[in-house]
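Note sheet for the following structure.
Numbering (my numbering), first residue to last: 52 to 293.
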């Protein structure tokens, strides 16, 4: 079976390390590529992104380099889902082939605007909202040195997400699989809206939990990734002989 690269994009405030345990659960022919963004991990000294275009400009050369002769797919949770879609739009305007599938998790369709602007809150109100979302232990905010490093990155990530909405639906010629927590602060319309962003098949899965359902259910999600990517590869291999 031909191999495939799975590029994984982190949620707001996250680094490539959030996917460190995934490789051992993926099929042998699926190679995970955890993408590191500026301002964190091994790129902590690099300046934060000014806007989504700046982010896409940074990541597009990576895809060009890695995927000229490889099948590949995208997975992103929350902000990572936004990155996966925006990067796919840029790829669609280039000679590079699109990913064979997009896995978009914990993020509503971009044409349905959210009324939330967390990045405009003062630091104390912002921290309270982050704690309500889950995913960040309360003890974290007891350490000022961590706050000084982490808070500007997190706020900037929220700015990227909250200013990245699109009024126009721009579908891709690639299937989309979406994942959500049943208690996420998203409307049914936001969850179902991704169906309009693909010219191929759309699948949606809902799990118990809130926005960070992925932490509890990642093994089940990886099972779905394994199954669907193997089916995609088989379909592509069969089409070569038609």
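The beta-carbon is built from N, C-alpha and C at its ideal position, and this holds for glycine as well.
Note that this is a predicted model, so its numbers are computed, not measured.
So residue 210 and residue 177 are supposed to be a Cβ contact under 8 Å. How far apart are they, rounded? Incorrect: roughly 11 Å between the Cβ atoms, too far for contact.
Taking the C-alpha atoms as reference points, what is the distance between residue 232 and residue 127? 14 Å
Can you give me the start and stop residues for the alpha helix (DSSP H) that residue 243 sits inside? 239–243
Can you tell me which of the three DSSP states residue 232 falls into? strand
C-beta contact flag for residue 141 and residue 111 at 7 Å: yes
On the three-state DSSP scale, how would you describe residue 263? coil
Report yes if the C-beta of residue 254 is less than 6 Å from at least one heavy atom of the ligand NAD; otherwise report no. In the structure shown, the ligand NAD is absent, as is every other ligand, since no ligand is present at all.
Rounded Cβ spacing between residue 228 and residue 254 (contact assumed at less than 8 Å): 5 Å
Give the DSSP bridge partners of residue 223, in chain order. 249
Ignore the nearest five residues each way along the sequence and tell me which others in residue 208's own chain have a CB closer than 7 Å to its CB. 63, 64, 130
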